[in-house]
Amino acid sequence: MGQDKRQVEAITARDVDFAQWFTDVVKKAELIDYTSVKGMFVMRPYGYAIWENMQAILDGEFKKTGHENVYLPMLIPESLLQKEKDHVQGFAPECAWVTMGGAEKLEERLCIRPTSETLFCEHYANIIHSWRDLPKLYNQWCSVLRWEKTSRPFLRHREFLWQEGHTMHATAEEAIAETEQMLNIYADFCQNVLAMPVIRGRKTEKEKFAGAEATYTIECMMHDKKALQGGTSHYFGDGFARSFDITFADKNNQQAYPHQTSWGVSTRLIGGIIMTHGDDNGLVLPPRIAPIQVMVLPIAMHKPGVLEAAEALRARLAEAGFRVKLDASEQSPGWKFAEYEMKGVPLRVEIGPKDMEKNQCVIARRDNGEKTFVSLDTLEDTVRGLLDAVHDNMFAMAKKNLDDNTFAVNTLAEAKEITNTKGGFLKTKWCGDLACELKMKEDAGVSSRCMPLEQSGTEGVCPVCGKKCTTDIYWGVAY
RNA sequence: CGGGGUGUGGCGAAGUUUGGUAUCGCGCUUGGUUCGGGACCAAGAGGCCUGGGGUUCGAAUCCCCACACUCCGACCA
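FYI, in this note's numbering the residues of the first sequence are 32 to 510.
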């Protein structure tokens with residue numbers, strides 16, 4: 032029975048069990064398959080295509096701003112990893128080690144990179160000698176490995192794909208500017224490409240990257256009102272340079288330490304896309320990274336001319352530069368509608384005998400379900416306009432979710448109350464004291480997300496200790 | 001790492017309490033009829049019941065041990 036089939040294929044309702052809904056979507060939309068190693072996943076063609084599209088756009092932005100891609104080894108000798116004290120302490124608990132080469136035990140065990148700061152430093156020490164060698168603007172696309180205790184598709188893999196930029200600069204000012212520039216590239220990418228609104232900000236001492244002087248972040252709100260860190264950009268000062276003995280002769284022939292940055296985003300952003308935009312019918316993909324932007328479906332395709340008309344339509348859209356596919360399989364139209372909704376395809380174009388008579392097609396939007404009749408004369412322009420409209424609407428809905436679920440509070444009691452009843456982000460003042468930050472976590476169950484770059488400058492009180500202070504800060508439950 | 005749940009053809013489940021050699025739906029294959037919101041008919045194929053030990057004449061079922069997935073916590077860019 033059709034009814035039974037619907038039940039079997041159905042995913043858990045989003046508002047009933049968000050975590051289960053997420054897992055269902057990831058599997059049913061064919062993004063991920065599980066493997067026999069915990070925390071390691073197959074990224075299936077459709078899931079990997081999303082990453083490839085994100086990669087292409089980001090890589091273009093990196094190149095535009097002068098960065099070059101490199102590739103460094105995946106193994107780090109223990110002694111190298113240990114050169115920066117804070118860094119190794121931060122990562123040691125989740126390192127995986129190679130101890131054998133063939134049948135022989137290694138002299139020194141090798142860490143499978145959890146991140147590559149140390150390798151970049153080793154390399155930079157070799158190639159940076161003069162102010163003329165700076166800046167070095169390198170980026171690497173690779174996978175890293177962290178032995179997480181619990182794992183979830185996209186959100187926490189033991190091995191995940193990312194990019195890590197590592198740059199060296201003659202001055203602190205230049206390095207700080209780089210850190211900010213990359214944060215802005217990430218923020219623009221999230222908003223203009225992924226339709227995900229972000230809060231740009233700085234992490235507290237407690238939350239910053241191991242070994243960094245300052246960590247900047249873009250924080251996103253998921254549909255369940257929890258926070259996801261979308262990307263980070265770190266300013267290292269010359270700390271690593273000192274630990275790794277990287278020096279250069281400046282213009283005055285004085286030996287100096289270069290100033291360093293690193294920045295990264297990962298496939299975790301795909302988890303963010305799913306949890307920001309998805310609904311009870313499955314995935315909803317932002318048009319600019321959707322592997323298939325338009326799916327053409329012939330209706331009553333056994334009737335004369337329908338398949339040819341559909342193919343002509345597909346060819347026109349492909350010619351116009353859209354990522355478009357035609358599904359001429361034997362499945363019923365209803366099956367196909369549901370299938371491509373599950374996969375989050377932004378636009379569906381239907382063409383059947385009735386449309387052919389009227390020189391039109393039907394276009395249905397994934398984001399709001401709206402169907403319109405479109406004259407074939409204006410097909411390309413209409414599709415272009417609709418893809419933008421879908422993007423804008425997705426962004427607006429996500430922004431509304433963020434705004435509607437961000438609450439200004441002044442006391443710890445309020446913070447607790449709102450977190451327990453509504454969830455979402457809390458915006459408060461903060462005195463800067465670690466004890467207050469810890470208390471917030473202990474009592475209200477929220478961690479600091481970031482101190483936004485756009486500070487109000489007004490004076491208020493720390494919700495925990497009541498001291499007068501001016502720093503704005505966001506709190507939330509994080510992924 | 002702590003607490004719960006679950007492992008049975010590709011997927012979802014029944015069967016486990018009261019041991020007797022595996023059942024159903026979906027999917028898959030073939031043929032036919034359909035086609036504007038997960039179509040229908042008919043005939044087929046497909047299973048070391050997560051793994052390893054044990055008890056027994058006999059284990060999906062009972063016992064022990066692993067492992068995996070999943071949810072909630074803790075941890076964690």
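Note that the Cβ used here is the ideal one computed from N, Cα and C, for glycine as well.
Rounded straight-line distance, which links the Cα of residue j to that of residue i
i           : j           : result
residue 399 : residue 47  : 21 angstroms
residue 510 : residue 229 : 15 angstroms
residue 39  : residue 51  : Caution is warranted here: a pLDDT of 43 is assigned to residue 39, below 50, making its placement in the model unreliable, and no coordinate value can be reported.
residue 478 : residue 337 : 57 angstroms
residue 449 : residue 461 : 18 angstroms
residue 97  : residue 168 : 7 angstroms
residue 309 : residue 60  : 11 angstroms
residue 305 : residue 77  : 13 angstroms
residue 34  : residue 415 : In this prediction, residue 34 has a pLDDT of 32, which is less than 50 and means its spatial position is unreliable; what the coordinates show is noted afterwards. Each residue's Cα considered, the two are about 36 angstroms apart.
residue 341 : residue 271 : 59 angstroms
residue 381 : residue 402 : 10 angstroms
residue 396 : residue 385 : 20 angstroms
residue 473 : residue 508 : 12 angstroms
residue 205 : residue 352 : 39 angstroms
residue 256 : residue 88  : 28 angstroms
Sequence-distant residues of the same chain with beta carbon closer than 8 angstroms to residue i, five excluded per side
i           : result
residue 442 : 494
residue 150 : 103, 104, 107, 111 and 144
residue 323 : 354, 355, 356, 371, 374 and 376
residue 349 : 355
residue 298 : 74, 82, 185, 188, 191, 192 and 193
Within 8 angstroms, strictly: CB atoms of residue i and residue j
i           : j           : result
residue 75  : residue 109 : no
residue 148 : residue 118 : yes
residue 202 : residue 290 : yes
residue 302 : residue 186 : yes
residue 440 : residue 457 : yes
residue 436 : residue 454 : yes
residue 280 : residue 160 : yes
residue 269 : residue 288 : yes
residue 165 : residue 197 : no
residue 250 : residue 347 : no
residue 438 : residue 222 : no
residue 54  : residue 184 : yes
residue 378 : residue 418 : yes
residue 318 : residue 421 : yes
residue 316 : residue 364 : no
residue 277 : residue 79  : no
Bounding residues of the alpha helix (DSSP H) (the contiguous stretch that carries residue i)
i           : result
residue 364 : 364–373
residue 388 : 384–389
residue 416 : 410–435
residue 79  : 76–95
residue 118 : 116–122
residue 130 : No alpha helix (DSSP H) holds residue 130; the beta strand (DSSP E) holding it covers 127–132.
residue 307 : 299–308
Sequence-distant residues of the same chain with beta carbon closer than 6 angstroms to residue i, five excluded per side
i           : result
residue 32  : Since pLDDT at residue 32 reaches only 26, below the 50 mark, its modelled position is unreliable, and no value is offered.
residue 467 : 493, 495 and 496
residue 36  : Here the model assigns residue 36 a pLDDT of 38, short of 50, so the residue's position is not dependable, and the following value carries that caveat. Cβ neighbours of residue 36 beyond the five flanking positions: none.
residue 406 : 391
residue 274 : 114 and 115
residue 121 : 241
residue 485 : none
residue 475 : 446, 447 and 450
residue 491 : 460
Expected contact under 8 angstroms - CB spacing of residue i and residue j to nearest Å
i           : j           : result
residue 482 : residue 313 : Residue 482 to residue 313, Cβ: 36 angstroms. No contact.
residue 212 : residue 100 : Between residue 100 and residue 212 the Cβ distance is about 17 angstroms, and since that is not below 8 angstroms, they are no contact.
residue 332 : residue 359 : 6 angstroms
residue 480 : residue 258 : 5 angstroms
Bounding residues of the beta strand (DSSP E) (the contiguous stretch that carries residue i)
i           : result
residue 170 : 167–176
residue 191 : 190–200
residue 266 : 258–268
residue 240 : First-last for residue 240: undefined, no H or E at that position.
residue 504 : 502–507
Close-in-space but distant-in-sequence residues of the same chain around residue i (CB under 7 angstroms, 5 per side omitted)
i           : result
residue 130 : 136, 137 and 140
residue 70  : 179, 182, 188 and 189
residue 487 : 503
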